[in-house]
Amino acid sequence: MRPGTPSTAALALLRRDLLLLWRQRADALNPLLFALMVATLFPLALGPEAGMLSRVAGGIVWVTVVLANLLSLDALFRGDAEDGSLDQLAVSGQPLALLAGARILAHWLGTGLPLTLVAPLLAYMLGLERAALPVLVAALALGTPLLSLVGACCAALTVAMRRSGILLALLVLPLTVPVLIFGAGAVEAAATGGDPSAALLFLAAGLALALPLAPLGCAAAIRIGTA
Amino acid sequence: MNRFVLWFHRMGSPPTFYAFAERWRPWFLWSALAITAVALYWGLARAPDDYLQGDSFRIIYIHVPSAWMGQFIFLAMAICGFVAIVWRIKIAEIMGIASAPVGAAFTAIALATGSLWGRPTWGTYWVWDARLTSTLVLLFLYFGVIGLYRAIEDRRKAARAAGLLAIIGLVNIPIIQYSVYWWNTLHQPSSIKVTKMSSTIDPSMLWPLLAMAVATKLYYAWSALSRAQLMVLEMESGKDWVRELAGLPGVASPSTDTPREA
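Just so you know, the sequences run in chain order C and U. Per the numbering used here, the very first residue in the first sequence carries number 1; after that it's consecutive. Per the numbering used here, the very first residue in the second sequence carries number 1; after that it's consecutive.
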């Protein structure tokens, strides 16, 4: 592969992000620990009764995943915006949407994928129906990339501020409503013996829509912030 | 150049826009107030009672136009955002941001009147019904746009970022509404179908509703133009035309005369 082409630039960025992720692997565990703790709070608040917990388990796991994902978003462009790397990416002459896509992929590999893998454990602790566990993993595998894609657009909009803080939640959470509804809907359907395929297909359709559009929106937001 | 394009280009200039707003603003306000007075009198006092809901149905003359405006203004805001991002027109940025509080207010009115109507009809102020929930999410989207604009210091960057958020929100609104419908439905379906040009509302009840829809749009025009005028003055303060307007000597000092952003 020739150096300087868009694909090598995107691969180089992906490799750098993954290397950073590996060097700071203790930090990468934080979203998982957060998810585990929030999932522990629900039984403490609602009471340990197994029947009630198993009924709401799917919803709790989804809310936990959405929140853990939200907390990881602020760091997505913040460091690069502060040390100027983001400006360099914007003026590098490479398609910024592709670079943003590589960054989003790295974010999903560091946050969404581990959350998807640890979610069955949380769901099992909360007593979700065994039959619904594979559906939960499938729904998260489709839904967490969507969370990363939508979240990255909002995170990119906040790079012009010093700290995004609670505002990022205000931007991201309304946009993640459909992911939550279809994701939790699929689990609910599977747990009550229904057919989860409709909700899963909606998630897949959302992913197909966001995959080309979100990196473009993300690139436009970065250009506004760094101009 | 055709006349509309020429007009559009001239509107990009702050003094021209200011003069245009100054000239048309009172017309928008007074026509909105006049139409509202007639339509509300007819709707609240003269239209016949609903055979099922009695007098409580009359809240639709406030509720439905407000809900329409909530969505209409979001569309307007996203269009302004698109123009602002693509052509970098300052007035489009300002109009988009000036629209946001008006749209949020209409959405909040729709929610408040809806819950007041829900108490006698459904027996509760709030239910997690599809339309209520998606309108609430729409209100959150408005708050996001306003919050983003307030949080970024550079006014023009802030306006463009808020405009982009409005575009992202606009793409998401149908998806959010569809997903919420899929989730739960209790609210009655629309009685007016624009695509079929038909309605299940009696004409004596319908025309005040349509008049209110016109009046709210005129009010929106007045309110957004007034806000935009103030924002133009703030952004252009120190320019010659603003100093003349304020009755100050026409020559601005060099330090304030430089544009804030190239």
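Backbone N, C-alpha and C define an ideal beta-carbon position, used for all residues, glycine too.
Residues near residue i in its chain [Cβ-Cβ closer than 7 Å; skip 5 each side]
i: residue 116 (chain C); result: 137, 140, 141 and 144
i: residue 223 (chain U); result: 102
i: residue 49 (chain U); result: 55
i: residue 181 (chain U); result: 130
i: residue 195 (chain C); result: 189
Beta-carbon proximity list for residue i, same chain, < 6 Å, skipping 5 on both sides
i: residue 182 (chain C); result: 199, 202 and 203
i: residue 218 (chain C); result: 100, 152, 153 and 156
i: residue 62 (chain U); result: 113
i: residue 129 (chain C); result: 191
Range covered by the alpha helix (DSSP H) that runs through residue i
i: residue 27 (chain C); result: 25-28
i: residue 2 (chain U); result: Looking at the DSSP string, residue 2 (chain U) is not in any alpha helix (DSSP H), and its letter there is neither H nor E.
i: residue 96 (chain U); result: 90-122
i: residue 223 (chain U); result: 203-235
i: residue 156 (chain C); result: 133-157
i: residue 157 (chain U); result: 155-183
i: residue 148 (chain U); result: 130-151
i: residue 15 (chain U); result: 14-41
i: residue 48 (chain U); result: From DSSP, residue 48 (chain U) is part of no alpha helix (DSSP H); its letter is neither H nor E.
i: residue 240 (chain U); result: 240-245
i: residue 73 (chain U); result: 60-87
Inter-residue CB distance, residue i and residue j (contact presumed, cutoff 8 Å)
i: residue 25 (chain U); j: residue 84 (chain U); result: 22 Å between Cβ atoms; not a contact.
i: residue 151 (chain U); j: residue 71 (chain C); result: Contact flag wrong, Cβ pair sits at about 18 Å.
i: residue 122 (chain C); j: residue 192 (chain C); result: About 19 Å separates the two Cβ atoms, so there is no contact after all.
i: residue 47 (chain U); j: residue 208 (chain U); result: 6 Å
i: residue 17 (chain C); j: residue 106 (chain C); result: 4 Å
i: residue 163 (chain U); j: residue 103 (chain U); result: Not confirmed; about 13 Å, so no contact.
i: residue 232 (chain U); j: residue 17 (chain U); result: 6 Å
i: residue 78 (chain U); j: residue 221 (chain U); result: About 17 Å; that fails the 8 Å criterion.
i: residue 10 (chain C); j: residue 102 (chain C); result: 4 Å
i: residue 105 (chain U); j: residue 135 (chain U); result: 13 Å between Cβ atoms; not a contact.
Buried or exposed (CB count within 10 angstroms, at least 16 for buried), residue i
i: residue 5 (chain C); result: exposed
i: residue 86 (chain C); result: buried
i: residue 263 (chain U); result: Because chain U is modelled from 1 through 262, residue 263 (chain U) falls outside the range shown and cannot be assessed.
i: residue 124 (chain C); result: exposed
i: residue 128 (chain U); result: exposed
i: residue 147 (chain C); result: buried
i: residue 221 (chain C); result: buried
i: residue 86 (chain U); result: exposed
i: residue 71 (chain U); result: buried
i: residue 50 (chain C); result: exposed
i: residue 125 (chain U); result: exposed
i: residue 82 (chain C); result: exposed
i: residue 225 (chain C); result: buried
i: residue 164 (chain C); result: buried
i: residue 212 (chain C); result: exposed
i: residue 77 (chain C); result: buried
i: residue 80 (chain C); result: buried
i: residue 8 (chain C); result: exposed
8 Å Cβ shell around residue i - same chain, five flanking residues per side excluded
i: residue 171 (chain C); result: 154, 157 and 158
i: residue 187 (chain U); result: Caution applies to residue 187 (chain U), whose pLDDT of 49 falls short of 50 and renders its modelled position unreliable; the value that the coordinates give is listed next. Counting only Cβ-Cβ distances below 8 Å, and skipping sequence neighbours, we find 129, 130, 131 and 132.
i: residue 22 (chain U); result: 229
So within the region 83-126 of chain C, which uninterrupted alpha helix (DSSP H) runs reach at least 4 residues, ignoring any that extend past its ends?
85-91, 96-107 and 113-126
- [ ] Counting only runs of 4+ residues fully inside the region 156-196 of chain C, write out the alpha helix (DSSP H) ranges in chain order.
- [x] 167-175 and 177-191
Length-filtered (3 minimum) beta strand (DSSP E) runs lying within the region 19-68 of chain C | none
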